[in-house]
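Those protein sequence lines, which keep their order, are chains Z, C and R. Residue numbers for the first sequence follow our numbering, beginning at 3 and rising by one. Residue numbers for the second sequence follow our numbering, beginning at 3 and rising by one. Residue numbers for the third sequence follow our numbering, beginning at 432 and rising by one. Input: a single structure, listed below in structure tokens.
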Amino acid sequence: MSAVTGTVGSALAAIVGAPRVQEGEAAPASFALDGARPRWVVRPETLLHVSQVLGLAWDAGLAVVPRGSGSAQELGAPPARVDILLDLRGLDQVLEYNPDDLTVTVQAGVTAAALAARLGARRQFLPLDPPGAEARTLGGMAATNASGPLRLRYGTLRDLLLGVRFVQADGVTTWGGARVVKSVSGYDVPKLMVGALGSLGVLGELTLRLHPLPDAEQTWLVPCRDVATAQELVLRLLDSTLQPSRVELLNAPALAVCGAPRSAAAIAVSIGTAEAAVKAQGEALGGLARAVGSAAARPAEGFWARYAAALAPEESVRLGVATLASKVAETVGEIERAVAASLSGAAPTIGGSAPLGSLRVSLPPAEPASVKAIVERLRAAVAPAGGSVTVQRAPRGVRLAVDPWGPVEPSAFALMRALKEEFDARRVLNPGRFVGGL
Amino acid sequence: MPLSPGLVGDLQRILGPEGLVLSHEGRLVYECDMHTFYKGAPDAVALPSTTAEVVAIVRLCREARVPIVPRGSGTGLIGGAMAPSGGVMVGLNRMNRILEVDLPNRCATVQPGLINLSLTKAVEARGWFFAPDPSSQMVSSIGGNVSTNAGGPHCLKYGITSNHVLGLELVTGRGELVTLGGKVADHPGYDLTGVAVGSEGTFGLVTAITVRLVHVAQAVKTILASFADLEDASEAVSAIIAAGIVPAALEMLDELMIRAINEGTGAGYPKDAAAVLLIELDGPAEEVEAQGERAARICWERGALEVRVAQDAAERALLWKGRKEAAGAVGRLAPTYLLQDAVVPRSKLPAIMRELGAIGARHGVQIANVFHAGDGNLHPLILYDDRNPDELERAKAANEELLHACIAMGGTVTGEHGVGLDKAKNLPLQYGDADLNFMYRLRGVFDPQRLMNPKKLLPAHPACGEGWRPPRPRLPEGAWI
Amino acid sequence: MEQTLGAFRGPDAPDLDELRTCVHCGICLPQCPTYRVLGEEMDSPRGRIYLMRAAAEGRIGLTPTFAHHLDLCLGCRACETACPSGVKFGSLLEATRIQLRRHGPPPRHRRLEDVILSVFPEPARLGVALAAFRLYRRSGLRRLVRATRVLRPFPRLAALEALLDDVPAAESLPPLIPARGTARGRVGLLTGCVQRHLYPGVNRDTARLLALAGYEVVVPRAQGCCGALELHAGRAEAFRSRARALAAAFPDDLDFVVANAAGCGSAMKEYGRWLPATAGFAARVRDVAEVLVEADLPLGPLPLTVTYHDACHLAHGQRVRQAPRALLRRIPGLTLVELGDSDLCCGSAGVYNLLEPALARELLALKVARIVETGARVVATGNPGCLLQIAQGCRQRGLDVTLVHPVELLARAVAVRAAGRRGASAPPSEASETD
């Protein structure tokens, strides 16, 4: 090993303690990013550690990749460089829980399951349910703006993150936002950090807005003869006084994976509120279903867990397709046709929030060129509506062949590039992975 | 510094004689927003009608290095729409069209000068509304709401402006017209829309806004609970939130405010109460019923004198009319007041109300209260007569003390009004040097010349200065390389 | 030494405390017709108050710019209705205009204003000058007949229309009209200047209805103009002498002095502010709708769809909104549809439409567009200026819409009821009559 490397390793050890630094081959293979092992894996225990590691990396011009549970390591472009992998799972403290205020402040490495265990006792929850949420860290979900079906009612972390403490590329620890549910003092810095993939700062602490758990909750599945009917049902539902927590569209393969009765498409709806209201709203939903020639039925217990699993199968290529609610049926059709054309008749699994036009697509493993063809065709299809197609997870080859983020409006991208230049001119943080190679 | 004849000529050519105010009298009426304490007249007021005109104004002012101050309806409470450094004020109130209503996709695109309530009026017949409802909604512009990230009574349930903005068209301080976000929910890249909302015109001028529309609820219930004691009312608020009830709105008014409003609008609030809670629940009928009962029970348990449910839409509207016009009705109590907007964790409400009483007594000033109790967002109005300098000094002292008390409880200096000129000096109470410096640099990304709404939002503080860098972390022994 | 308040001098200066009541909240802005059209702060109530305050504080003088923006104000007082702090904008404006006339620059349209103010408040001169307008009025009535074409199945009613059309326009009222039925009291009737000549039918209908409501109606021959136009133009002396004369023209023993022109009623109700000696008279002034709404008029059916425009000086000046609507709703068969922005000024505003025609036209266009939305072909409103202005706007857009004063519809409904009774073969009972 070179002298410089040796110096960095011992410097890191001086910061976090030797047992918390693994060098080269000593790090577990699972920490490899797109096949490349980081030169050092560092496990900070405190935010000060994070700050010092970044301070060091900034001075030495090293690339740092923050990591939570590791579930989103195949999101974005393959990293330009990986010097230090910052394993943040050691920051696992719930710092302050104020049940009477419905707020909680946690360290970034706390998992959703660990937090839920704390909140459940007070019948409160953080309404965040992307696939595999339980094992994921809150910092990771914030950095990737991960969300699931509940975003329809409760929004995403963009709406739930009140305050954030993060470490800038040069190691300066910074706070943005507030610890109370309402604040407009200064810029809304938390918004900037949500979904930024750690490229402007490493998230250290999050203050989150919580919600009371509904008294009762039920789920219905409305099979539809085709996707157009499903969309029609969704539009009618939105133009009613129903107050659903989730409204997800599933295509036939998605239904099959969920073990639901076979149909061309279905809408899964959950309603969480006072017990009597759940019943009444369920009846109203039944009425809407009948109006489109269908009926609402109760799926077997555990539907949402099966649904989450169906959307995130192992070894798949996953796409996020964003379109308008009014174009969901059209878009689903286009996805199915594009996949069939490029993957010799294969059928994608499609699910997603129909009211938000936010679809999740998973494809069987495929050649980069085929995925590229699919993505480019879909991008062309959703572009007129202002939509986008992102590669959420795929092997490195795919993400090299096709820009996983797709085009960003040039005038907005100019500002994004200026932001990155302002806050990480040395390209320390997750270099190359974010939009446009930022 | 007066504008150069060249710039004036160029602006006149773009805007026409009716689009540029240059007279002394005309500039004077634009010298303040609703926070009349802060005055600063612009050197000219530009009143554009098109986005192209806005772009042209920004580019001309950039070339001439002249400050630009945006203004909507001038109803802000923070000294935001005024020109402490002179320059060109850009009144966007003439750009007030609804560009598109798209109900299947639950959104609308509007120009910044559109009055908030006009959007709801345009869609309410079809069962929809625009949720952010600042008390000024009958006059404030959506552009102004976006600029300050305005809240309102119903943001307790529905969220503040930023939760409802999907996209913006912004003329940045760089003079570029940029499109951020849009009708589709997800956009790759940084959430520039999110951070631009609430930037108080320091990033640029917003020329179009795409907002989320919300469907009206099945049922609404408005409950008025009166209390003989302010503290009982505060405890009822904390108990309602802690019980897992999320009202659409949960407002509190104290004795002084009740009196002013009753005189102003005849809203018919109970005259003998020391505090009134206005609790509004909306949602599925059975949920509203169940939660309404629970909320009423909590009020009774905390010693309510009376718990009254509005019997019809007219009574509900009257109860709300009083609340919405509260700030204006204060004119009946005193000619001038300082209005605070600090937030405390809502569990701290009883404590802060006690503290408020003590502060008022200590400084010999009257404090009227009307506020969004449900999210702990206080609006104490410290009354004074500006013809009496001593009274003003006492009001200011009470104001400062109050802010410190809120911050000490873990709160924030402004919950929904924004920072403006008024609260810029208070930001260091809440943020450290590194935090302020980050915001300062963020502003520079959008407006490198720092011509957009100068002196607003960020304080004159070392951390907000050119060339200042926060101290880097100190590395432990042996960690240097 | 003359008392000064900044740029204001001598008596009749705006009250500084009143100016300070404005907390600059801006709630008045969207209600202000000139702000809606022009979108400029100096043309808003908040801006005008700010200008007045700046003048009172000596920060600006009574400059041409100051005068221009205060002259542009319609004086509709919609801002007073909107104001949560209760700023009395109308009297502030009147005082400022008085100051402007005394100490300010010459008004932009002084010559025109002189001519107008030499004709309008002089009933005799106006009679001559406006003779030509009668034709116009007749065409208005023909439109009403056309609007009621739906009534063809009711030939008596159609005949009544024709009958009314034949009543000579210049008929003057007798000095005393006895009460019909049980006497409720004694009222005086202001016949006005514009009303008397352009809408004599309105005065006649007012008198009839008041009599029917049980009032003895006194119509003093000597009465002149109320002076409202002069007050709004800041001509304090002329206004005061008219007000003094008008108050003196009416006997002291009246229960009410009834006005059927909103602008006159509004000014008369506020006489006390300018002439404390007339406060007693002012306290007795009522709009005709306020008086009639308390009575029980025998109304026959008028199957019409009608919309109601709030005259500014009725809705904002006198806060009378519900009474005219309630009266119209009492007419069987009449459907009252609400007019969007009903209380937004139509642009008439006294003689404003003559002084600031461009702005008045824009406001009129807004008003007419709203009327079209209602689908109504009859528009009722309680002020002659509005009647003239809106009728003109509808005619110019080629709309088949008739403008009426609410008392005209009430009188018609009374006549229908009376005709029905006369036409019945046997004396009908009250019950069968209302079937």
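Cβ coordinates follow ideal geometry from the N, Cα and C atoms, glycine included.
Between the alpha carbons of C:Q220 and R:L770 lies a distance of about 28 Å.
Taking the Cα of R:L730 as reference, the smallest distance to any Cα among R:A713, R:R756 and R:L765 is reached at R:L765. About 14 Å separates the Cβ atoms of R:R639 and R:A850, ruling out a contact at the 8 Å cut-off. Considering only R:A726, R:L785 and R:R467, the residue with the shortest C-alpha distance to R:G616 is R:A726.
Those residues of the segment 313-347 of chain C placed with their C-beta closer than 8 Å to a C-beta in chain Z are V345, V346 and P347, ordered along the chain. When Cβ-Cβ separations below 8 Å define contact, C:V31 makes contact with chain R.
Taking 8 Å as the upper bound for CB-CB distance, Z:R435 and Z:G78 are in contact here, some 4 Å apart. For C:E253, no chain R residue has a Cβ inside 8 Å of its Cβ, as the nearest lies near 16 Å away. Close to Z:E47, with beta-carbon spacing below 9 Å, lies no residue of chain C; the smallest spacing is near 13 Å. Take the alpha-carbon of C:N95 and the one of C:G115: they are about 4 Å apart.
The beta-carbon of Z:A16 is placed less than 8 Å from the nearest beta-carbon of chain C.
Excluding five sequence positions before and after Z:G354, the CB atoms of its chain that fall closer than 7 Å to its own CB belong to E250, L251, S360, L361 and R362, given in chain order.
Under the Cβ criterion (8 Å, minimum of three pairs), the segment 126-141 of chain C does not count as touching the segment 383-402 of chain C. Note: C:K223 is bridge-paired with C:L283 in the DSSP secondary-structure output.
With respect to the 8 Å criterion, R:P476 and R:F520 are classified as neighbours on the basis of their beta carbons.
Between C:I117 and R:P461, the C-beta gap is smaller than 8 Å, which places the two residues in contact.
Boundaries cannot be given for C:L5, as no beta strand (DSSP E) includes it and DSSP labels it neither H nor E. With a beta-carbon spacing of about 31 Å, Z:V186 and C:G28 fall beyond the 8 Å limit used to define contacts.
It is roughly 22 Å from the alpha-carbon of C:G434 to the alpha-carbon of C:G196. Rounded to whole angstroms, C:V278 and C:L307 show a C-alpha spacing of 10 Å.
Between Z:D217 and Z:E285, the gap from beta carbon to beta carbon reaches 8 Å or more. For a cut-off of 8 Å, the C-beta gap from Z:R320 to Z:R395 is around 4 Å, short enough to register as a contact.
By the Cβ criterion, the segment 160-168 of chain Z is in contact with the segment 192-207 of chain Z, since at least three pairs of Cβ atoms, one from each stretch, lie closer than 8 Å. DSSP places Z:C226 in the uninterrupted beta strand (DSSP E) bounded by A218 to C226. Sequence-ordered contacts of the segment 71-101 of chain Z with chain C read N100 and P101 [C-beta pairs closer than 8 Å].
A Cβ of chain Z is located within less than 8 Å of the beta carbon of C:F448. By the criterion of a C-beta distance shorter than 6 Å, Z:W177 is surrounded in its chain by R167, once the five residues flanking it on both sides are discounted. Contact between C:V10 and C:A46 is confirmed by a C-beta separation of about 7 Å, below the 8 Å threshold.
Taking the beta carbon of C:W470 as reference, no residue of chain Z falls within 7 Å; the closest one sits roughly 12 Å away. Residue pairing from DSSP leaves C:N147 without any beta-bridge partner.
Rounded to the nearest angstrom, the gap between the Cα atoms of Z:A324 and Z:R138 is 23 Å. A distance of 8 Å or more separates the beta carbons of R:V847 and R:A811. Rounded to whole angstroms, the Cβ separation of Z:G11 and Z:V23 is 6 Å, and the two are in contact under 8 Å. Scanning its chain for C-beta atoms nearer than 6 Å, with the 5 sequence neighbours on each side dropped, one finds no residue around R:R853. Counting only the Cα atoms, R:P606 lies some 29 Å from R:E668.
If you compare the alpha carbons of Z:A148, Z:R211, Z:L287 and Z:D405 with that of Z:L104, the shortest gap goes to Z:R211.
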